[in-house]
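Undergrad: Each residue of the sequence shown is one higher than the one before, starting from 7 at the first, in the working numbering.
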Amino acid sequence: MNLRARLTQPDILIAPGVYDGLTATLATDAGFEALYLSGAAVTYTRLGRPDIGLCTASEMADTMALIADRSDLPVIMDADTGFGNALNARRTMLTYERAGAAALQVEDQTYPKRCGHLSDKSLISCAEMAGKISAMADARRHDTLIIARTDAIAVEGIEAAIDRAGTYIEAGADVLFIEAPRDEAELGRIANTFQGQVPLLANMVEGGATPISSAQTLQEMGFDIVIFPGGIVRALARTAHDYYNSLKNAGSNKPFTDRMYDFDGLNAAIGTPDMLALGKRFDGTS
7 MNLRARLTQP DILIAPGVYD GLTATLATDA GFEALYLSGA AVTYTRLGRP DIGLCTASEM
67 ADTMALIADR SDLPVIMDAD TGFGNALNAR RTMLTYERAG AAALQVEDQT YPKRCGHLSD
127 KSLISCAEMA GKISAMADAR RHDTLIIART DAIAVEGIEA AIDRAGTYIE AGADVLFIEA
187 PRDEAELGRI ANTFQGQVPL LANMVEGGAT PISSAQTLQE MGFDIVIFPG GIVRALARTA
247 HDYYNSLKNA GSNKPFTDRM YDFDGLNAAI GTPDMLALGK RFDGTS
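1) Is it the case that the Cβ atoms of Thr101 and Ala143 are separated by a distance below 8 Å?
2) With Gly228 and Ala177 assumed to form a contact (beta carbons below 8 Å), what rounded beta-carbon distance in angstroms separates them?
3) Please report the straight-line C-alpha distance between Gly54 and Tyr42, rounded to a whole angstrom.
4) Which runs of the alpha helix (DSSP H) spanning at least 4 residues fall entirely within the stretch 66-105, listed in chain order?
5) Can Met70 and Gly106 be called in contact, C-beta distance under 8 Å?
6) Is the distance from the Cβ of Ile139 to the Cβ of Tyr174 below 8 Å?
7) Have a look at Gly172, Val24, Ile218, Ser219 and flag the residue whose alpha-carbon is nearest the alpha-carbon of Pro205.
8) What are the boundary residues of the alpha helix (DSSP H) that Gly271 is part of?
9) Could you tell me whether the Cβ atoms of Arg96 and Ala141 are closer together than 8 Å?
10) Within 10 angstroms of the Cβ of Thr263, are there 16 or more other Cβ atoms? Answer buried if so, exposed if not.
11) Taking the alpha-carbon of Ala21 as reference, which of Leu207, Ala166, Gly27, Cys121 has the nearest alpha-carbon?
12) Using alpha carbons as the reference points, say which of Leu9, Arg12, Ala74, Glu65 lies closest to Gly27.
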């Protein structure tokens with residue numbers, strides 16, 4: 007089932023954040039139906055830097071291609087601002103499609119952008135954003151969804167965000183993502199306004215501007231997709247911090263072994279036995 011068809015189903019779609027082949031493999035094995043490739047997560051892990059527009063389109067596409075090698079699940083892919091004007095957004099659509107993306111999320115911040123839960127964001131005009139959406143829709147060669155994100159709540163308020171979102175639907179957006187609602191009332195306002203027009207996406211960021219809600223709660227409100235884009239990075243970063251400190255202090259991994267895969271455990275998780283068996287089919291010895 008492709009992503010568009012899945013979004014016609016009544017149950018909310020949970021898309022966990024991934025950032026490489028390993029996390030994509032583990033998330034797929036956990037039983038999820040879709041994945042979310044976050045620009046923030048790639049920036050955090052590949053660059054060790056904050057989400058302030060430093061990651062490039064080519065770095066994102068390279069990451070997407072590696073994930074597509076490890077998982078057949080549809081991937082919602084962060085396209086930031088389209089990396090420029092409408093022509094850049096067209097090229098981003100083509101590049102991301104070639105890499106294997108099932109959906110592109112594009113936002114109405116100025117470039118370079120910053121994380122939707124950081125302060126001091128700024129926006130392009132509503133008309134310019136609508137042009138980017140139309141350009142991306144015109145360029146796509148497959149049934150690739152366009153997810154239109156507006157960051158207007160933090161800049162212009164909820165009313166402006168609602169107005170912008172309506173314009174983006176008219177421009178051709180397949181899914182709507184109003185970033186960083188500040189409370190359940192604003193979440194409810196979004197759902198009540200747009201439910202039934204296009205699928206609605208909610209973003210859960212630990213410590214961000216939006217209160218963390220369960221998938222079931224968001225489904226009952228009227229949302230169709232919930233993403234947890236950076237949770238895996240925060241979890242692994244905390245684990246890595248604790249691991250390195252433990253190793254430095256103990257001079258051994260022994261105190262940490264109950265929080266780690268051993269050699270065989272990791273090989274099982276990444277499919278080493280299956281790969282070795284596959285190799286034997288083609289090495290002329292079996």
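The beta carbon of each residue, even a glycine, is placed where N, CA and C say it ideally should be.
TA: Short version:
1) no
2) Not a contact, Cβ separation roughly 22 Å.
3) 19 Å
4) 92-105
5) yes
6) One thing to note: Ile139 has its Cβ within 8 Å of the Cβ of Tyr174.
7) Gly172
8) 269-276
9) yes
10) exposed
11) When each option's Cα is compared against that of Ala21, the closest is Leu207.
12) Ala74
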